[in-house]
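In what follows, a structure is listed as structure tokens, so that the remarks can point back to it.
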Amino acid sequence: MARLVMKFGGTSVADLDRIRNVAHHVKREADAGHDVAVVVSAMAGVTNQLVQWCGQAAPLHDAREYDAVVATGEQVTAGLLAIVLEDMGVNARSWQGWQLPILTDNAHASARIVDINGAELVKRFEEQKQVAVIAGFQGIYKDSGRITTLGRGGSDTSAVAIAAAIQAERCDIYTDVDGVYTTDPRVVAKARRLDKIAFEEMLELASLGAKVMQVRSVELGMVHNVRIFVRSSFEKPENIDPAKPPVGTLICDESEIMEHQIVTGIAFSKDEAQITIRRVQDKPGVAAAIFGPLADANINVDMIVQTVSADGKTTDLTFTVPSADYERAHATIEKSRGMIGYERLDGATDVAKISVIGIGMRSHVGVAAMAFKALSGRNINIRAITTSEIKFSVLIDAEYAELAVRTLHALYGLDKA
Ligand code: ASP
Ligand code: MG
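Residues in the sequence shown are numbered from 16 upward in steps of one, following the numbering used here.
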């Protein structure tokens, strides 16, 4: 018998019917003899409403009170699910963050988990096979005892942390998709569901906009080696045979993946903007003069490309920022013009970043070169390139984003047969 964490997101618990559906999934695993800890999100839309109320109460408000308000969404779901489970004859009890407790630091609204005490849960598994239903997204600051929340999407992180604390064999993330795909199936009809993906690859995919899980939860899974299984909550509970391997994607240590494809997935983002600074002085301290003020303004710079100076005096420097920050980044650079010293500032917001990810790249050469050739074959111009050990990204005109993704998806053999 295994110990399992089952996490259900907002759309999976959006109303009482769906909570009943969730309860059937939980009952199935409990009946199979597993020890089960369930982690729930707030019902869909509830957290947004709570956040909005805080803002309307006062635009500038104390983060401690924000947490007191927004943590309530999960409490409602946890209580309701426990009620439904009990009604179905399943021994279950709800838990809020302070009751375990789930201890965090004091970064209210984006707190980090410091420690979780799983002892009471384990005792109840062993003594009475009781299912634990835990409110996700929340904890308490260890020194003040005040409620904290973990940042939007934080119940994924709650689930993985609890799985680590009770040494669960697996952390099942039930969501509105049935796994992690080689790319967005809405763009490439031939996208395939992956059976397995390594933590590192998932981190790249998640932070690049494959919005399946909160990035921090994957990081935590990697650190504690928690096997995370992404699966659909909309699959009818009665159609699942607990004796058969479930349908979904396992996020795990790379050693658990026998055969690595060279490329695992392709991510893309259109929320990018490009800024090019023409004829910047080529001397020490200039990069600091550019990126220092951007960092101070909390603008996240991604790709950076600097050309080698031809005359030894000036050079061109290109970088990307989230398109939402484009105007601010532009203004920040203009403000520091005196310090930087440049001729002209150019920019473009109609750009897209395509990223190719795969652990197999570590041991294969020429993977990126293949892409450059294929893209040129489609007449797609590359504006900037960055590479790392298991990923490379190209910046292109946004209008070619879909074409580029489809081209690369086929090129690396990811198309479904
Ligand atoms: N309810 C919280 C949110 O909407 C946490 C979560 O669902 O993961 O951000
Ligand atoms: Mg979520």
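From the three backbone atoms N, C-alpha and C, an ideal C-beta is built for every residue, glycine too.
Option nearest residue i by Cα separation, candidates the options
i: valine 146; options: Asp130, Met103, Lys259, Glu215; result: Met103
i: isoleucine 162; options: Asp120, Thr402, Asp46; result: Asp120
i: methionine 385; options: Tyr196, Ile155, Val278; result: Val278
i: valine 37; options: Val61, Ser324, Glu253; result: Glu253
i: methionine 21; options: Gly166, Ile177, Asn394, Gly392; result: Ile177
i: arginine 139; options: Ile117, Asn106, Leu165; result: Asn106
i: leucine 136; options: Ser125, Arg108, Ala303; result: Arg108
i: alanine 17; options: Asp46, Asp32, His39; result: Asp46
i: arginine 185; options: His49, Ser391, Lys259; result: His49
i: valine 371; options: Thr198, Glu80, Ala206; result: Thr198
i: glycine 168; options: Gln182, Thr190, Ile155; result: Thr190
i: leucine 165; options: Glu141, Pro200, Val129, Lys144; result: Val129
i: valine 230; options: Arg242, Asn240, Phe214, His239; result: Phe214
i: glycine 381; options: Leu75, Gly392, Lys406, Glu358; result: Lys406
i: threonine 62; options: Ala206, Thr87, Asp317, Ile34; result: Thr87
i: proline 260; options: Pro200, Asp187, Met376; result: Asp187
Residue i versus residue j: straight-line alpha-carbon distance, rounded
i: valine 51; j: leucine 115; result: 15 Å
i: lysine 388; j: glutamate 404; result: 20 Å
i: glutamate 342; j: valine 245; result: 37 Å
i: glutamate 192; j: alanine 180; result: Reading off the sequence, residue 192 comes out as valine, not glutamate. Near 27 Å, if we compare the C-alpha coordinates of alanine 180 and valine 192.
i: serine 222; j: leucine 100; result: 35 Å
i: lysine 157; j: leucine 118; result: 5 Å
i: aspartate 30; j: glutamine 111; result: 20 Å
i: aspartate 32; j: aspartate 256; result: 22 Å
i: valine 203; j: leucine 75; result: 43 Å
i: histidine 275; j: isoleucine 355; result: 46 Å
i: alanine 258; j: glutamate 44; result: 10 Å
i: isoleucine 314; j: histidine 345; result: 11 Å
i: isoleucine 397; j: isoleucine 411; result: 5 Å
i: isoleucine 348; j: serine 324; result: 20 Å
Backbone secondary structure at residue i - three-state DSSP
i: leucine 265; result: strand
i: phenylalanine 140; result: helix
i: arginine 43; result: helix
i: proline 308; result: helix
i: glycine 112; result: helix
i: glutamate 349; result: helix
i: phenylalanine 249; result: coil
i: valine 227; result: coil
i: arginine 185; result: strand
i: leucine 75; result: coil
i: phenylalanine 152; result: coil
i: valine 61; result: helix
i: lysine 368; result: strand
Sub-8 Å separation of residue i and residue j beta-carbons
i: proline 299; j: serine 351; result: no
i: threonine 329; j: glutamine 296; result: yes
i: valine 4; j: glycine 133; result: Any answer about residue 4 is impossible in this case: the structure gives the chain only from 16 up to 432.
i: alanine 367; j: phenylalanine 283; result: yes
i: valine 91; j: tryptophan 68; result: no
i: alanine 399; j: valine 320; result: yes
i: tyrosine 427; j: isoleucine 395; result: no
i: leucine 418; j: isoleucine 369; result: no
i: leucine 19; j: alanine 122; result: no
Contacting residues, own chain, Cβ-Cβ under 6 Å from residue i (five flanking each side not counted)
i: serine 436; result: Here the chain comprises residues numbered 16 to 432, so residue 436 is not present and cannot be evaluated.
i: asparagine 364; result: Asparagine is not the amino acid found at residue 364; the sequence shown has threonine there. Cβ within range, chain order: Ala288, Ser338, Tyr341.
i: threonine 401; result: Met318, Ser408
Close-in-space but distant-in-sequence residues of the same chain around residue i (CB under 8 Å, 5 per side omitted)
i: valine 195; result: Arg208, Leu209, Ile212, Met217, Leu220, Ala225, Val227, Val245, Thr264, Ile266, Gly280
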